[in-house]
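*Asks:* This is the structure, below, for whatever I ask next.
2 protein chains.
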Amino acid sequence: MTTSTTRTKRGKGRDKAAPARPTQKDIALAAGVSQAAVSLVLNKTETPSVPSATRTRIIEVAEGLGYRPNHPARMLRSARTMTFACVIPDITNPFYPGLVRGLQAVAAPAGYDVLIFDTDGRPEREARAIDWLLQGRADGVVATFFHLRVPQLAVLARKGIPLVRLESRHKPDGPLAIDSVYIDNAEAAAEMTRLLIARGHRRIAMIQAEFGPSQRRAQGYSAVMREAGLSPDFVTDSAYSEESGARAMNRLLERRGERPTAVFGASDVLALGAMEAARNAGLSIPGDIAIAGFDDIPVAKLLGLTTVRQPEFDLGALAAETLVRRLQPGGLGSPGKSRELKFEIMKRSSV
Amino acid sequence: MTTSTTRTKRGKGRDKAAPARPTQKDIALAAGVSQAAVSLVLNKTETPSVPSATRTRIIEVAEGLGYRPNHPARMLRSARTMTFACVIPDITNPFYPGLVRGLQAVAAPAGYDVLIFDTDGRPEREARAIDWLLQGRADGVVATFFHLRVPQLAVLARKGIPLVRLESRHKPDGPLAIDSVYIDNAEAAAEMTRLLIARGHRRIAMIQAEFGPSQRRAQGYSAVMREAGLSPDFVTDSAYSEESGARAMNRLLERRGERPTAVFGASDVLALGAMEAARNAGLSIPGDIAIAGFDDIPVAKLLGLTTVRQPEFDLGALAAETLVRRLQPGGLGSPGKSRELKFEIMKRSSV
DNA sequence: TTCGCTTAGTTATACGTATTACTAAAGCAA
DNA sequence: TTGCTTTAGTAATACGTATAACTAAGCGAA
Chain A
559 MTTSTTRTKR GKGRDKAAPA RPTQKDIALA AGVSQAAVSL VLNKTETPSV PSATRTRIIE
619 VAEGLGYRPN HPARMLRSAR TMTFACVIPD ITNPFYPGLV RGLQAVAAPA GYDVLIFDTD
679 GRPEREARAI DWLLQGRADG VVATFFHLRV PQLAVLARKG IPLVRLESRH KPDGPLAIDS
739 VYIDNAEAAA EMTRLLIARG HRRIAMIQAE FGPSQRRAQG YSAVMREAGL SPDFVTDSAY
799 SEESGARAMN RLLERRGERP TAVFGASDVL ALGAMEAARN AGLSIPGDIA IAGFDDIPVA
859 KLLGLTTVRQ PEFDLGALAA ETLVRRLQPG GLGSPGKSRE LKFEIMKRSS V
Chain B
559 MTTSTTRTKR GKGRDKAAPA RPTQKDIALA AGVSQAAVSL VLNKTETPSV PSATRTRIIE
619 VAEGLGYRPN HPARMLRSAR TMTFACVIPD ITNPFYPGLV RGLQAVAAPA GYDVLIFDTD
679 GRPEREARAI DWLLQGRADG VVATFFHLRV PQLAVLARKG IPLVRLESRH KPDGPLAIDS
739 VYIDNAEAAA EMTRLLIARG HRRIAMIQAE FGPSQRRAQG YSAVMREAGL SPDFVTDSAY
799 SEESGARAMN RLLERRGERP TAVFGASDVL ALGAMEAARN AGLSIPGDIA IAGFDDIPVA
859 KLLGLTTVRQ PEFDLGALAA ETLVRRLQPG GLGSPGKSRE LKFEIMKRSS V
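From first to last, the protein sequence lines stand for chains A and B. The first sequence begins at 559 in the numbering used here and counts up by one. The second sequence begins at 559 in the numbering used here and counts up by one.
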């Protein structure tokens, strides 16, 4: 609008002051060598066919022009994106940022970046994620799928894209390059349920979500309840969100007859929502009602929530390690493994 | 399979039946047309030179083979990555996931993905981010830099990569494609300080971090304090983390002489750390000490933290819109604009 | 002299796509 | 018949890189 020169950024326009991104060709031209020589020097630490004088000259010219390798071109040529995709329901759920950092911690030193894809736990978004991955945007994937199962995921492995699933239980080895990392969700939930029973609770309800890891947690809870001669009591809401948790808790509180004395949220976010709803209803925690969660997101500590600790960072790091190994030559051949990390019961003040 | 012409063309023929990702060439071969025809049909909605019979055949073959366009090749050819980079200190800070979702909400419908780069607020990581962006990995950037200033960032704009900064105040228009979105951090901090004074506090300390938006917030606080004839009282720690907040609070509590009656954390995360330290020291909030924060991260509500609301999602969405507009033809020419969103004081129970 | 070896590179090609420029064949009018 | 238009495509090229295959010059040895 003002006095601005219409600058053509790149293209055959070739005007002098246009600071386009210089390519190896530009360096070659400026240094009086071929493009191949430039590529050689810039990529190999030892170049038998290029003497150090030329080497130095090329490097100096490259620095002088501010050369940066063109990533897309590299990807195309080498069929490697040097990117991991992280497919998760929602980065806003405080469980996942820690996982992502774990991923990054291992991926970055190995030269990989991390791309995030949110599915919102919806089947069509999960399908879109697969489609998107098949476009060669990532060399490997770490993912939590609520809906897709191995048959739908196998296509990735078949196209040479290893996948590490964040799972809720041990998976039998499979022939494809689909691995998993997990903590034993059923056992963890079982142990938490035992704790609640040991504290004297008999009417214990579980707030669960429709899909995802909540199912496995529900199994552990159910098993222990029945073992103790108590009847499982589920309230199901749609998502892993505070709103869902609060809604579920309100449904519990509206019940006529005997209310539960303890509520086990299938995830911390659900438990926190439940906690707030309980407080809003004038109940004290754990006096009037005990609340337990699952995940141990960072705020759980601040709020004194008794919960199951999932080592999110370590899970991410382990997943990344698995991918890095898979992507080494010949790594795709071995059978899919399931690797376990240990959970921990964090006893705080909400139970 | 039916026709045994499935050949492995990538990977030097190691695997036997490896179903490589089919390319346009493969489709062309199978459909008896040229690669150009395939590209035409698959990309244009109207193809005057390809009759609908051929069109249909090509599309069917493409679907039959499970064709997915190769993203790197597209990027190279079209010089468009269809990716936005989001450069932030730490995705683990609960302020940022919401920002990312706002970004995604606008970016995705426009066809852009979002890549996350964590800097940890360290200068060398920020420099690495720039370097990394210059490799043509993203078409546009949304970023929070603690250390880099316009001179160092200008290189992006000069190479045709628009940048939207998440800022703490209005920036004068500049000639480059560097925009910013912000809330008026100084005024917000000023207003919060006024609230604390209005509640009767006279000894009000601020916990701040060494770099980043904390500085601007400190200015607003200082101004109001001095205006009221009170002296500003800073405790500085390194990062925007709970540990830093707790450490700073402990330093305040260890002071001999008169303790502050209110503590203003330059960010919610700092305030939460301070809150925990205060509780651990046996103080009640707000009875013994009032605590205020800045950001309004999701847990602030759960913990009853009085704080300044930054519309994180909207900031992200606005940033993305700005980028999308910049990337439309001719969008890079206009001067860099600074766009403001409104903050809100969230009065809860910690003050 | 010829042969072989080393040095210092260069040339050529491929990755998969998008796009521009071109063309062969058919149809039709004059 | 020629000339022109339409139809239905194809061939060629470029994007920037990595790498395999090649070469020209110089030198020493047989």
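C-beta atoms are modelled at their ideal positions from N, C-alpha and C, and glycine is treated no differently.
May I ask which residues mark the beginning and end of the alpha helix (DSSP H) holding residue 742 of chain B?
*Replies:* Where residue 742 of chain B is concerned, there is no enclosing alpha helix (DSSP H), given that its DSSP letter is neither H nor E.
*Asks:* If you follow the alpha helix (DSSP H) that residue 617 of chain A is part of, which residue opens it and which one closes it?
*Replies:* 610 to 623
*Asks:* Please decide whether residue 693 of chain A counts as near chain B, where near means a Cβ-Cβ distance under 8 Å.
*Replies:* True, the Cβ-Cβ gap to chain B drops below 8 Å.
*Asks:* Ignoring anything shorter than 4 residues or poking outside the stretch 666 to 694 of chain A, list the alpha helix (DSSP H) runs there in chain order.
*Replies:* Here the runs fully enclosed are 681 to 691.
*Asks:* What first and last residue would you give for the beta strand (DSSP E) that runs through residue 718 of chain B?
*Replies:* Residue 718 of chain B -> no beta strand (DSSP E), and no H or E assigned at all.
*Asks:* Cβ of residue 769 of chain A within 8 Å of Cβ of residue 704 of chain A?
*Replies:* Yes; because the gap between Cβ atoms is below 8 Å, this pair is in contact.
*Asks:* I want to verify the contact list: residues of chain A whose CB lies under 7 Å from the CB of residue 830 of chain B, in sequence order.
*Replies:* Among the residues of chain A, those whose CB is under 7 Å from the CB of residue 830 of chain B are 860, following chain order.
*Asks:* In chain A, which residues lie less than 8 Å from residue 628 of chain B when you measure between Cβ atoms?
*Replies:* 634, 693, 694
*Asks:* Can you tell which of B:636, B:676, B:897, B:802 has the C-alpha that lies nearest to the C-alpha of residue 765 of chain B?
*Replies:* B:802
*Asks:* Label residue 689 of chain A either buried or exposed according to how many other C-beta atoms from any shown protein chain fall within 10 Å of its C-beta, with 16 as the threshold for buried.
*Replies:* exposed
*Asks:* Exposed or buried, which one is residue 728 of chain B when buried takes at least 16 other CB atoms within 10 Å?
*Replies:* Within a 10 Å sphere around the beta-carbon of residue 728 of chain B sit fewer than 16 other beta-carbons, which makes this residue exposed.
*Asks:* The alpha helix (DSSP H) that contains residue 778 of chain B, what's its start and end?
*Replies:* Residue 778 of chain B -> alpha helix (DSSP H) spans 772 to 785.
*Asks:* Rounded to the nearest angstrom, how far is the Cβ of residue 779 of chain A from that of residue 747 of chain A, given a contact under 8 Å?
*Replies:* 5 Å
*Asks:* Does residue 570 of chain B come within less than 8 Å of chain A when only Cβ atoms are used?
*Replies:* With a pLDDT of 35 at residue 570 of chain B, under the threshold of 50, the modelled position of this residue cannot be trusted; read the value that follows with caution. Chain A contact via Cβ: absent.
*Asks:* Specify, as a first and last residue, the run of the alpha helix (DSSP H) that residue 766 of chain A falls within.
*Replies:* Residue 766 of chain A -> not in any alpha helix (DSSP H); beta strand (DSSP E) instead, spanning 762 to 767.
*Asks:* Just checking, does the stretch 684 to 700 of chain B make contact with the stretch 873 to 887 of chain B on the three C-beta pairs under 8 Å criterion?
*Replies:* Result yes; three or more Cβ-Cβ pairs closer than 8 Å.
*Asks:* Residues in its own chain within less than 6 Å of residue 900 of chain B by CB, not counting five upstream and five downstream?
*Replies:* none
*Asks:* Assuming the contact rule is C-beta atoms closer than 8 Å, residue 696 of chain B and residue 674 of chain B should be a hit. Round their C-beta distance to whole Å, please.
*Replies:* With 8 Å as the limit, residue 696 of chain B and residue 674 of chain B do not qualify as a contact, their Cβ atoms being about 11 Å apart.
*Asks:* Give the range of the alpha helix (DSSP H) segment to which residue 585 of chain A is assigned.
*Replies:* 582 to 589
*Asks:* Closer than 7 Å between beta carbons: that is the criterion. Which residues of the stretch 639 to 659 of chain B meet it against chain A?
*Replies:* Within the stretch 639 to 659 of chain B, those residues whose Cβ lies closer than 7 Å to any Cβ of chain A are, in chain order, 639, 649, 650, 652, 655, 656, 658, 659.
*Asks:* Whole angstroms is fine: what's the gap from residue 721 of chain A's alpha carbon to residue 691 of chain A's?
*Replies:* Using only the alpha carbons, I get a separation of about 11 Å.
*Asks:* With the cut-off set at 8 Å, would you say residue 894 of chain A and residue 646 of chain A are in Cβ contact?
*Replies:* Between residue 894 of chain A and residue 646 of chain A, the CB-CB gap reaches or exceeds 8 Å.
*Asks:* Helix, strand or coil: which one does DSSP assign to residue 850 of chain B?
*Replies:* strand
*Asks:* Helix, strand or coil for residue 889 of chain A, going by three-state DSSP, please let me know.
*Replies:* coil
*Asks:* Would you mind giving the Cβ-Cβ distance between residue 819 of chain A and residue 783 of chain A, rounded to the nearest angstrom? I have them listed as a contact below 8 Å.
*Replies:* Rounded, the Cβ-Cβ distance is 14 Å, inconsistent with contact.
*Asks:* Going by alpha carbons, who is nearest to residue 885 of chain A out of A:640, A:847, A:832, A:593?
*Replies:* A:640
*Asks:* The beta strand (DSSP E) with residue 831 of chain A in it runs from where to where?
*Replies:* Where residue 831 of chain A is concerned, there is no enclosing beta strand (DSSP E), although the alpha helix (DSSP H) it sits in stretches over 826 to 838.
*Asks:* Residue 753 of chain B and residue 903 of chain B look like a contact to me (Cβ under 8 Å); what is the Cβ gap, rounded to whole Å?
*Replies:* 6 Å
*Asks:* Output yes or no for whether 8 Å exceeds the beta carbon distance between residue 853 of chain A and residue 826 of chain A.
*Replies:* Yes. Within cutoff.
*Asks:* Mapping DSSP to helix, strand and coil, what is residue 701 of chain B?
*Replies:* strand
*Asks:* Determine the chain B residues that contact residue 631 of chain A at a beta-carbon separation under 9 Å, and present them in chain order.
*Replies:* Neighbours of residue 631 of chain A on chain B, chain order: 630, 633, 634, 694.
*Asks:* When Cβ atoms are compared, which residues of the stretch 891 to 908 of chain B fall closer than 8 Å to chain A?
*Replies:* 891, 892, 893
*Asks:* Does chain A have any CB closer than 8 Å to the CB of residue 834 of chain B?
*Replies:* yes
*Asks:* Nearest-angstrom Cα distance between residue 767 of chain B and residue 578 of chain A?
*Replies:* 38 Å
*Asks:* Is residue 561 of chain B close to chain A? Criterion is C-beta to C-beta, closer than 8 Å.
*Replies:* Because residue 561 of chain B sits at a pLDDT of 34, beneath the cut-off of 50, its placement in the model cannot be relied upon, and the following sentence gives the value as read from the coordinates. So, not an interface residue.
*Asks:* Going by DSSP in three states, residue 841 of chain B sits in which element: helix, strand or coil?
*Replies:* Coil at residue 841 of chain B, not helix or strand.
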